[in-house]
Amino acid sequence: MSSDPENAASHPTDPDPIGPDAIGGLEAELTDFWRRGRIRTRLRAREIDSRLDPSCYPLISVLARHNSMPMSDLVSAVGMEKSTVTRQIDAVVRLGLAERHPDPRDARARVITLTDHGRERVDAVLASAVSEWRARLAQWDPDDIRTLTRLLHRLGEATNDPVVDPNS
Numbered sequence: 031m032s033s034d035p036e037n038a039a040s041h042p043t044d045p046d047p048i049g050p051d052a053i054g055g056l057e058a059e060l061t062d063f064w065r066r067g068r069i070r071t072r073l074r075a076r077e078i079d080s081r082l083d084p085s086c087y088p089l090i091s092v093l094a095r096h097n098s099m100p101m102s103d104l105v106s107a108v109g110m111e112k113s114t115v116t117r118q119i120d121a122v123v124r125l126g127l128a129e130r131h132p133d134p135r136d137a138r139a140r141v142i143t144l145t146d147h148g149r150e151r152v153d154a155v156l157a158s159a160v161s162e163w164r165a166r167l168a169q170w171d172p173d174d175i176r177t178l179t180r181l182l183h184r185l186g187e188a189t190n191d192p193v194v195d196p197n198s
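Heads up, the sequence shown stops at 198 in the working numbering, and the numbers go up one at a time, no gaps.
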């Protein structure tokens, strides 16, 4: 995708920004996209709570989609070490954004749940994020947005597997 879809659409004779190597172009675009995503993550974490470490935002995002999750499922969902997730949960709990409860299926395990305050803050930030995307993509055809969403989902599924060694 071009970094400026409106400009690309108005200049169809411009050279392809991807270049001759589609995978190399994809890597470059994803690197830029992730860089910009890290900036958004910092800003959104700050909007939720000025003391929230941005590294906790993915955990908060997963909880926002599921509301309540066993610790083991949360560790799998964010793809981090249990000790790292435990420290992040400790921080989020101290801020009053989430709480731990005994897992009714296993008394040794814990379920992590957003507090009402946490849900309110996350919902407000997500609503703002959706509004921002609506404004950014207002000139896009809705079918292009659906296609992009499907392709991003597909790309995400393809990257769920362990990294493939290109030399093997």
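Don't be surprised by glycine CBs; every beta carbon is placed ideally from N, CA and C.
Residues in its own chain within less than 8 angstroms of residue 86 by CB, not counting five upstream and five downstream?
Cβ contact annotation for residue 86 (same chain, cutoff 8 angstroms, sequence separation greater than five): 75, 118, 121 and 122, in chain order.
Note to self: Rounded to the nearest angstrom, what separates residue 110 and residue 145 at their Cα positions?
What the structure shows: When rounded, the distance between both Cα atoms is 23 angstroms.
Q: Classify residue 144 as helix, strand or coil using the three-state DSSP reduction.
A: Under the three-state reduction of DSSP output, residue 144 falls in the strand class.
If I'm right that residue 143 touches residue 129 with Cβ under 8 angstroms, what's the distance once you round it to whole angstroms?
Contact between residue 143 and residue 129 holds: CB atoms are separated by about 6 angstroms, below the 8 angstroms threshold.
task = Mind reading off the beta-carbon distance from residue 199 to residue 139? Whole number of angstroms is fine, and I expect it under 8 angstroms.
result = Given that the chain is displayed from residue 31 to residue 198, the structure contains no residue 199 and the question cannot be resolved.
task = Assign residue 41 to buried or exposed, taking buried as 16 or more other Cβ atoms, counted over all protein chains shown, within 10 Å of its Cβ.
result = At residue 41, the pLDDT of 48 sits below 50, so the modelled position is not reliable; the number obtained from the coordinates is stated separately. Answer is exposed; the Cβ neighbour count stays below 16.
Practice problem: From the DSSP output, in three-state form, read off residue 134 for me. | Solution: Looking at residue 134 - three-state DSSP - the assignment turns out to be coil, as it is neither helix nor strand.
Taking the straight line between their C-alpha atoms, what separation do you get for residue 183 and residue 80? Taking the straight line from one Cα to the other gives about 31 angstroms.
Considering residue 98, what are the terminal residues of the alpha helix (DSSP H) in which it resides?
DSSP places residue 98 outside any alpha helix (DSSP H); the residue lies instead in the beta strand (DSSP E), whose first and last residues are 98 to 100.
Buried versus exposed, by CB contacts within 10 Å (16 or more), residue 151:
Burial call: buried.
Give the range of the alpha helix (DSSP H) segment to which residue 54 is assigned.
Secondary structure note for residue 54: its alpha helix (DSSP H) is the uninterrupted segment 52 to 78.
- prompt: On the three-state DSSP scale, how would you describe residue 162?
  reply: Residue state, collapsed to three classes: helix.
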